[in-house]
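Sequence positions in the sequence shown follow my numbering and run 358 to 886.
To start, the structure under review is shown below, and the notes come after it.
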Amino acid sequence: MESFITAAIVGTDQSGDTAFTTGTQIDDLTSQLPESEKERRLLLIGGAWGAYTQAGQIAQSISERLTASPPEAQDWRVLPRTHTLETTLTLKEPKLLLEAFALMREHHYHVPFPLLPQVLDYATGDKNVREAAFAVIGERGIWLSSFNSQWKWVEPLHSGIQPISPEEIETLWQEGTLAQRVNALTHQRQADPALARQWLEKVWKQERAESKTKFLEVLDINLSADDEALLEKALDDRAEAVREIAASFLTELPDSAFMRRMYTRAETLVQYHEDSLSIHTPKNIDDSWLRDTRVNKRDLKHTSHLLTTYYNVLKCLPLDYWEERFKLTPTQIISAVKDQNWHSRLFTIWVKCAQQQERVDWASDLLDYWNTIPSDDENSEFAAAGKDILKYLYSVLPQEPLEKIVKEKLTKYGYALMTFLDQLPTPWSHDFSLFYLQWVRDAASNFVEELGTTYMSHTQSDYWHNGLARSAYALAPSCFESALKGWELPELPDKSHYTKNYNHGQLQTGINRFLEVLQYRKNIIEEIH
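Have a look at this one:
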């Protein structure tokens, strides 16, 4: 190469008999050219060398050929129309995407291959849509995810549904990653609960807190009295998360020694006399009590920790216990609490128990009682827990009675109750959706009139804006046509106060956004059906 460059610089006559070489495979080709035509030979070598250097290097060979993607399931098809799905991905609207993915799964459509990278990228950035996205990326999406480390979230979801042979299960339990070991223990727990428990007992002492927590959660599968000894052992673990899981599972075993201890303590704590239910705190709390309620002895000087010991006993009691012990109905029990210090605490305990035990009767009576509490009482003991109470109760009650309650509330209290609309199961029923549309149109028509006679705070105006935004995702598809037409917000008079203009603008923005989301939902349904 050095001789070739020298000849190019000084000329062929000055270079003498030096051979024009490049030190590449070009020399094998140019050696066939006549030596007498130095200038022509130099130019041909230069041209060939220029092409050679621009062509790059020969790609490295791979030892194994890439495995092709498995074929898609025969009962699944590629989504034929993709415009709305592409637009929704660009908008980054997770609720719309969740609805689109759910419809695709229902109709057995998987994501078109060109959109797979975009869907995988979106789900990588939003954990809440991963499971829904995984359900529709198909075999090609699962295969593609193995080539990008950022898409590694797909592998655990894929592994969780893959069958594991009996030979592989124990190997994964002994040698796999934490996720693989949890998966192996889950499969074994489903096939042979006793053997899975024995595996866990053998390694319990040597495992870290994180691993113990994950493994212990698996015992919820086929939980039985045979697991009691291991759970009692876990109740002494140093990790708080492990102790909490153990106590939770022991609570689900009504005949366990743990529950017998709790029933004994409840006899001391809870008293009923002359139609009044009250909590009598004990004088002494022994080490066994502290162990079961997960409170350190050194913390008892703090009132909050002392209350925790009582609270953790009471929350273990099933709702049947209260009825059977006092021979009262749920309504009578709820109304019997006169102690203001324990009123909201017991109410909250019963609400969570009703949700966990799926007791519709208790949930209904608790909700009836909650509805008697003035909603505008800022000093109410229930004020801070209001939304959580509704969330728990609504998750138990059937949709129809819930919608009936909200109808009554909206009619009676107005737009302030719009903040609770998102607690209703979605999508709303056709009848409730029609009611809501008529109610919100009437309310919007009177909005300007209200602004003209009263002062409306930014918070009150936000009820409208946020309530409309939530309802756009909940409205029944059967009402889309009706909802997308007939919206007219009366104009404000000239020279209106700034605050009135602001509130009016907020409402108009909320209506526009409401209609925009409905149109997207309508397009998604039409495209996927």
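Ideal placement from N, C-alpha and C gives every residue a C-beta, glycine not left out.
With respect to the 8 Å criterion, histidine 662 and valine 652 are classified as neighbours on the basis of their beta carbons. The beta carbon of leucine 454 sits closer than 6 Å to those of Thr445 and Val486, all from its chain and outside the five residues before and after it, given in chain order. Under DSSP, leucine 634 shares a beta bridge with Tyr629 and Val694.
With a cutoff of 8 Å on beta-carbon distance, serine 635 and lysine 695 are scored as near each other.
Counting other Cβ atoms within 10 Å of its Cβ, histidine 544 reaches 16 or more and is therefore classed as buried. Closest in alpha carbon position to serine 613, among Glu585, Lys590, Arg798 and Glu624, is Glu585. As DSSP reads the structure, valine 435 sits in a beta bridge with His467.
If you check the CB distance, glutamate 496 and proline 428 come in under 8 Å.
Proximity of the stretch 566 to 577 to the stretch 590 to 601 meets the contact definition, three or more beta-carbon pairs being nearer than 8 Å. Boundaries of the alpha helix (DSSP H) harbouring lysine 559: 550 to 560, taken from the DSSP string. Here DSSP, grouped into helix, strand and coil, assigns cysteine 836 to helix. Glycine 824 counts as buried, since no fewer than 16 other beta carbons sit within 10 angstroms of its beta carbon.
The beta carbon of leucine 472 sits closer than 8 Å to the beta carbons of Thr439, Leu442, Glu443 and Leu446 from its chain, once the five residues preceding and following it are set aside; these are given in chain order.
When secondary structure is reduced to three states using DSSP, proline 755 falls in the coil class, being assigned neither helix nor strand. Under the three-state reduction of DSSP, arginine 600 is assigned to helix. DSSP places histidine 440 in the uninterrupted alpha helix (DSSP H) bounded by 440 to 448. Selection Pro469, Thr625, Ala833 and Leu849 evaluated against leucine 875 yields Ala833 as nearest (Cα-Cα). Less than 8 Å divides the Cβ of proline 451 from the Cβ of aspartate 483. In this structure, asparagine 540 sits away from serine 502, with a CB-CB distance that is not shorter than 8 Å. Looking at Leu759, Thr783 and Cys836, the one whose alpha-carbon comes closest to that of glutamine 795 is Cys836. Put simply, of Leu460, Ser418 and Leu676 the residue whose alpha carbon is nearest the alpha carbon of glutamate 884 is Leu460.
With fewer than 16 other Cβ atoms inside 10 Å of its own Cβ, tyrosine 409 counts as exposed. Out of Arg716, Thr379, Trp508 and Lys395, the CA that lies nearest to the CA of valine 753 is found in Arg716. Looking only at Pro469, Trp719 and Val575, the smallest Cα-Cα distance to proline 687 is reached by Trp719. With a 10 Å radius around the Cβ and a threshold of 16 neighbouring Cβ atoms, serine 790 comes out buried. Under the 10 Å beta carbon count, aspartate 643 is surrounded by fewer than 16 other beta carbons and is classified as exposed. Burial check for glutamate 396: the Cβ neighbour count within 10 Å stays below 16, so the residue is exposed.
Taking each of Val493, Ala831 and Arg546 in turn and checking the Cα distance to glutamate 574, the smallest one comes out for Arg546. Isoleucine 881 sits in a helix when the DSSP states are folded into three classes.
DSSP places aspartate 788 in the helix class (H, G or I) of the three-state scheme. At a Cβ-Cβ threshold of 8 Å, threonine 534 and glutamine 507 do not count as neighbours.
At a Cβ-Cβ threshold of 8 Å, threonine 387 and alanine 405 count as neighbours. According to the DSSP assignment, isoleucine 499 belongs to the alpha helix (DSSP H) that extends over 495 to 502.
In this structure arginine 827 touches leucine 778 by the C-beta definition: roughly 6 Å separates them, less than 8 Å.
With 16 or more other Cβ atoms inside 10 Å of its own Cβ, valine 797 counts as buried.
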